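Structure first, then comments.
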Amino acid sequence: MILPLAISAAAVLITFIIASIQDIKDRSVYRVTWYPAAAAGLICVIIYWADPLPEKLPVLIISLVFAALMAAFVFFGLFGKADAKALILLSVAVPVTPFAAYIFPSLAVSSLVNAGVLVLLFAVICLIYNIVRKNRGPLSLMCSGIPVRGDSILKYHGFIAEEVTETEQGIIKTRMKRGTHASALKHQTPVMIKVLREHPDTYAAEIARYAKCDIIWISFGIPLLLPLTIGFIFALFGVSVVDIILGLIL
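The working numbering applies: residue 2 is where the sequence shown begins, and numbers increase by one.
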């Protein structure tokens, strides 16, 4: 039953790549993007499960539980909708990798853990870059963004990472409150540089205020779909951080 899963895995991978491009470009994924892979995956997993084997039962349970968890996370606002849809699709449509031995505990979980490691790697690279460039700021910002000239922010992608207010004493900058960027993504607020760039007239006051800052920190806000896609590719061919760690421990 390798062929059905291989077809389903290819469909999911293509979908992930398309969704990642959309997410990077527009910070949103069109709903229709998921439909072809969902349809192909449904047909393929039906063929896969049509040959029942006792050892498949744990795989089925893990897949369904993981998909249910992702749905619950979205319901309670703990996870982005596009990211959750990707993981639900992966968990259901490709329960195991057809190209390598079984990886623990599942392909979806291993892909997510791989993605987490890649996000941490990006944070380390970003931190090293800022240290080398002698950029000083809060550790969280040094791990997630860079300082740029206030009059050049529209050239970048990501989020404004500092709240800027103008007083009689001049410009005052404070860190954004926790959760501001997640709210900006959901409601398309001017904290997103993309929103400022697309609506310069509407947010002329904000743009002018940012331009008065010699330096302002921005956060790149790398969408999870990109590292998840890369993590999926690694896991698909048997490279799982979970398995590597367990192999070192056990």
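Beta carbons: idealized from backbone N, C-alpha and C, even for Gly. Owing to the predicted nature of the structure, the values given are computational and were not obtained by experimental measurement.
Starting from residue i, trace the beta strand (DSSP E) both ways and give me its first and last residue.
| i | result |
| --- | --- |
| G222 | Looking at the DSSP string, G222 is not in any beta strand (DSSP E), and its letter there is neither H nor E. |
| T168 | 163-168 |
| P148 | 146-149 |
Can you give me the start and stop residues for the alpha helix (DSSP H) that residue i sits inside?
| i | result |
| --- | --- |
| P37 | 36-50 |
| V118 | 108-133 |
| V97 | That residue, V97, is in no alpha helix (DSSP H); it is neither H nor E in DSSP. |
| V75 | 57-76 |
| F17 | 3-27 |
| M143 | 140-143 |
| K195 | 194-199 |
| G248 | 242-250 |
Measure the Cβ-Cβ separation of residue i and residue j and say whether it is below 8 Å.
| i | j | result |
| --- | --- | --- |
| L226 | S64 | no |
| G42 | V13 | yes |
| G159 | A212 | no |
| L237 | T98 | yes |
| V114 | V242 | yes |
| R28 | K195 | yes |
| T230 | I18 | yes |
| S112 | G232 | yes |
| S9 | V46 | yes |
| A72 | A51 | no |
| R210 | E167 | yes |
Can you round the beta-carbon distance between residue i and residue j to whole angstroms, since I take them to be within the 8 Å contact cut?
| i | j | result |
| --- | --- | --- |
| I89 | A68 | 5 Å |
| P228 | V125 | The pair is not a contact, with the Cβ atoms about 13 Å apart (cut-off 8 Å). |
| V30 | A83 | 4 Å |
| S141 | C127 | Going by Cβ atoms, the distance from S141 to C127 rounds to 11 Å, so no, they are not a contact pair. |
Label residue i either buried or exposed according to how many other C-beta atoms from any shown protein chain fall within 10 Å of its C-beta, with 16 as the threshold for buried.
| i | result |
| --- | --- |
| K135 | exposed |
| E164 | exposed |
| I129 | exposed |
| D215 | exposed |
| L251 | exposed |
| V110 | buried |
**Prompt:** Is there contact between the stretch 206-221 and the stretch 90-97, where contact requires at least three CB pairs shorter than 8 Å?
**Reply:** no
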